[in-house]
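Residue numbers (the working numbering), protein chains in the order written: chain X, 127 to 247; chain V, 5 to 335; chain A, 58 to 189; chain E, 2 to 112. Heads up, the beta-carbon is just placed ideally off N, CA and C, and yes, glycines get one too.
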Amino acid sequence: MDLADGFTAIFVSLGAFFFFAGWVGLVRFPDSLSRLHALSKADNLGLGLVIIGLMPQASWPFGVLKLVALWLLGVLIGGATAQMLAGAIHLDDGREPPGGNGDFARRTSEAGRNNEPGAAH
Amino acid sequence: MPEIPLPDPRWADLPLAFAVLGLALWLTLTRGDRAAVIGFTGYGLLVAVAWVRLGSVDVALTEAALGGGLMGVLLLTAVARLGSDIDQPRPSLPGDLLIGLLCLGVAAGLAAVVLGLPSPAPSLVAAVEDHQAAIELGNPVAAVLIAFRAVDTLLESVVLALAVIVLWSFGADRAWEARPRALDFGEPSPALVLLARLLPPVGLIVGVHLFWTGADHPGGPFQGGAVLAAMALLVWLARLGRPPPVTDGFTRLGIVVGPLMFLLIGLAGVVLAGAFLGYPDAFTKPLILLIEAAKTLSVAVALALLVAGPPALSGALSMRRTGSTETGAKA
Amino acid sequence: MTEAQIYGICGAGLVGIGLYGAILGRSALRRLLAFNLMGSGVFLVFGAIARRGGIVGGTLSDPVPQALVITGLVVAFAATALAVALLIRLAAVERDEASAEADSEATDSPAAGAAPARGPAPGAGHAWDGRG
Amino acid sequence: MSGFLLVAGIVILVTVLLGLVRILRGPGDAERLMAAQLLGTGGVAALLLLGSATDLTAATDLALVLALLAAFAAVAFVAGLGMAVPDHRAGQGASGSASRADGDSPAGAGG
């Protein structure tokens, strides 16, 4: 095993850890915005670290270029959708009402779409 | 670090298969329509991964683009438009349980058939490989689509064009000169506008890449066209552009150019190669590329227009809550 | 169990679930979803058959069933788009009728129930202009 | 190396599959969408690892398409939400559309 493989092992493991952390956050966090925060972690750090880890294994130049493009895409799309979702779930107090099936997201639009800290990591 | 042996792939297959089945069952039984449709988009992504495990990246690409992407836009906008996302009681037929048992029986019967498939399995791989060299395509699936079962593909592209015509006919008569409005949802969020400005150039490259690489690697006109259609939908949803009116000549040309090109070259084959849809030896590759390019364009236009809906005088616009973005920007 | 068997059985299960949902779905849209599940189950069974054929032929997957599934997926999408358009049209017509009934009850004149030559009904505006 | 990459891919895939719990539990549709997003991102990572481990270069193309299109559900969801809370226009009280929409209104959903 050489240096490149060690690099890959470390970064892919870190990426997998952040996916796990994102999952724990998505399932365990109490309110929507925190869950979104956890999702963004998996989105950006998890995928980003896996991609960095895979770079030594990819073919030069197109394999590496595709990986870079994928990472840029992931950051752009992840950030923008997190922003949109944050707008959709934003409530005045930022806490989740004790609603049932689906009503939370529907109580959206009045406050929606303003800049939500914690959403765009 | 010791070398880790290759794990048994069933560690991925079994959870994936269970997740697909569980998600399908949930989205059949759950209450809200919108929840079910969101589940369905996730389902499309999972099935795409399953297709990779079945060794078919071509199908996985199609499933990811159509099932995960375009289907989500089509159905979520439909839920919004129908306004039907309230708890609807399940229709209680008297034979509920009986129907459930019968469906279980159908599934069990089909599963038994799957397990009892003849061995060794019938295979057309050798037949395709024998003739693949003649048409200079490295991707066997593309070879089947464009040459060996070309009639299927031709009819299928005609079906797409017909579907758009039928969809347009659902519009009101007095709206005929108007544009499709199914994606007309009022002011978009700034993040969506940003996404719709940055993503389409990337999507354009990916779509054309899929079409071009489809000759020798997984990809092709359907996959490329679906990605291009998705980019058009993004632009329309962000209101950076509007779907063309159905009377627009270029749009109509775009819908039919694929089947038309296929048909013309196929008819020319009667004279030049001695068979309908046959390719003359000297020009096989250029002709195939010509057909596939036209087909990519037609698939893209037709899929985008199928999601955009029939022409209408007023879209979601009349239901739009005014000023939501403006107040949001100030806050 | 091979992956062909795993996903083949998965496809069989999906056909069963889709059939159940297509008969007993809560709404028309859900029945449409169920119909798509059924189709995707059939495609997966096709995929299992393609996989078996591919192994015999020394590749990953038999290209002929793959090509059939690709055309099938595109046609299924077109059919779903048409069905969605029909559903929205149906909803507009139902809304027209509901508002016509409500109007006729409000004006208390039974003859207005037919409402032959009225302008576009209120509430139909967001669903493709009501009746043509 | 490929053994390690496959194990990592399977671990990530199973992790995001467990995230499906959020699709089932909700409580809001936004949560369900987040779980679907996680499925998309995790699917991309798993495909990259699988493709790298088994020399399936086309998996990278599929990952690109997944990454491009997995966001579309979120886009359509947020765009469509504007419709789910319609303004109460005058003179609509008796019509079918208003009575349906009432079920979705903030007042109706808060209970």
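Helix, strand or coil at residue i [DSSP, three-state]
| i | result |
| --- | --- |
| residue 222 of chain X | The predicted position of residue 222 of chain X is uncertain, since its pLDDT is 43 and thus under 50; a value taken from the coordinates is nonetheless stated next. Residue state, collapsed to three classes: coil. |
| residue 315 of chain V | strand |
| residue 184 of chain V | strand |
| residue 280 of chain V | coil |
| residue 170 of chain V | helix |
| residue 235 of chain V | helix |
| residue 151 of chain A | helix |
| residue 327 of chain V | Confidence is the limiting factor: at residue 327 of chain V the pLDDT is only 32, short of 50, which leaves the residue's position unreliable, though a coordinate-based value still follows. Coil, per DSSP. |
| residue 2 of chain E | coil |
| residue 109 of chain A | helix |
| residue 8 of chain V | coil |
| residue 242 of chain V | coil |
| residue 225 of chain V | helix |
| residue 95 of chain A | helix |
| residue 189 of chain V | coil |
| residue 83 of chain A | coil |
| residue 56 of chain V | helix |
Other residues of its chain near residue i: CB distance less than 8 Å, five sequence neighbours each side excluded
| i | result |
| --- | --- |
| residue 133 of chain V | 144 |
| residue 122 of chain A | 103, 104, 106, 107, 110 |
| residue 203 of chain V | 235, 238 |
| residue 20 of chain V | 50, 53, 54, 57 |
Chain V contact for residue i (CB, 8 Å cutoff)
| i | result |
| --- | --- |
| residue 153 of chain A | no |
| residue 119 of chain A | yes |
| residue 183 of chain X | no |
| residue 48 of chain E | yes |
| residue 124 of chain A | yes |
| residue 213 of chain X | yes |
| residue 22 of chain E | no |
| residue 33 of chain E | yes |
| residue 85 of chain E | Reliability of the predicted coordinates at residue 85 of chain E is poor, the pLDDT of 43 falling under 50, and the value obtained from them is presented with this limitation in mind. At least one chain V Cβ lies under 8 Å of residue 85 of chain E. |
| residue 161 of chain A | no |
| residue 142 of chain X | no |
Beta-carbon proximity list for residue i, same chain, < 7 Å, skipping 5 on both sides
| i | result |
| --- | --- |
| residue 61 of chain E | 49, 52 |
| residue 246 of chain V | 183, 240 |
| residue 43 of chain E | 13, 14, 16, 17 |
| residue 140 of chain A | 89 |
| residue 184 of chain X | 190, 193 |
Within-8 Å CB hit, residue i to chain X
| i | result |
| --- | --- |
| residue 125 of chain V | no |
| residue 82 of chain E | yes |
| residue 202 of chain V | yes |
Any chain E beta carbon closer than 8 Å to residue i
| i | result |
| --- | --- |
| residue 157 of chain X | no |
| residue 186 of chain X | no |
| residue 45 of chain V | yes |
| residue 38 of chain V | yes |
| residue 42 of chain V | yes |
| residue 152 of chain X | yes |
| residue 133 of chain X | no |
| residue 139 of chain X | yes |
Cβ neighbours of residue i in the same chain (closer than 6 Å, five flanking residues each side left out)
| i | result |
| --- | --- |
| residue 10 of chain E | 47, 50, 51 |
| residue 262 of chain V | 161, 298, 299, 302 |
| residue 125 of chain V | none |
| residue 176 of chain X | 138, 141 |
| residue 16 of chain V | none |
| residue 3 of chain E | 54 |
| residue 117 of chain A | 111 |
| residue 145 of chain X | 168, 172 |
| residue 289 of chain V | 140 |
| residue 385 of chain V | Any property of residue 385 of chain V remains undetermined from this structure, which presents chain V solely from 5 to 335. |
Below-8 Å beta-carbon distance, residue i vs any chain A residue
| i | result |
| --- | --- |
| residue 60 of chain V | yes |
| residue 104 of chain V | yes |
| residue 25 of chain V | yes |
Min CB distance residue i to chain C below 8 Å
| i | result |
| --- | --- |
| residue 157 of chain A | Here the protein chains are X, V, A and E, and chain C is not one of them. |
- Entirely enclosed alpha helix (DSSP H) segments - the region 151–231 of chain X, minimum 4 residues: Within the region 151–231 of chain X, the complete alpha helix (DSSP H) runs of at least 4 residues fall at 158–167, 173–180, 188–215.
- Task: Give, in chain order, every residue of the region 70–83 of chain V whose Cβ lies closer than 8 Å to some Cβ of chain A.
- Result: 70, 71, 74, 75, 78, 79, 82, 83
- Message: To be precise: take each residue of the region 194–205 of chain X, compare its Cβ to all Cβ atoms of chain V, and keep it if any distance is under 9 Å. Which residues remain?
- Response: For the region 194–205 of chain X, which is checked against every Cβ of chain V, the residues closer than 9 Å are 195, 198, 199, 202, 203, 205.
- Task: Using a Cβ-Cβ cut-off of less than 9 Å, give me the residues of the region 178–199 of chain V that come near chain E, in sequence order.
- Result: 187, 189, 190, 191, 192, 193, 195, 196, 199
- Message: Which complete beta strand (DSSP E) runs does the region 64–148 of chain V hold, if anything under 3 residues is left out?
- Response: none
- Message: At a CB distance below 7 Å, what residues from the region 201–235 of chain V approach chain X? Give them in sequence order.
- Response: 202, 206
- Item | Proximal residues, the region 162–180 of chain X versus chain E, C-beta separation under 8 Å | Result list: 162, 165, 168, 169, 172, 173, 176, 177, 180.
- Message: What are the residues in the region 124–145 of chain A lying within 9 Å of chain V by C-beta distance?
- Response: Residues passing the 9 Å Cβ filter: 124, 125, 126, 127, 128, 129, 130, 131, 132, 133, 134, 135, 136, 137, 138, 139, 141, 142, 143, 144, 145.
- Taking a Cβ distance cut-off of 8 Å, strictly less, list which residues of the region 3–30 of chain E are near chain X, in chain order. Along the region 3–30 of chain E, the positions whose C-beta sits under 8 Å from a C-beta of chain X are 5, 6, 9, 12, 13, 16, 17, 19, 20, 22, 23, 27, 28, 29, 30, read in chain order.
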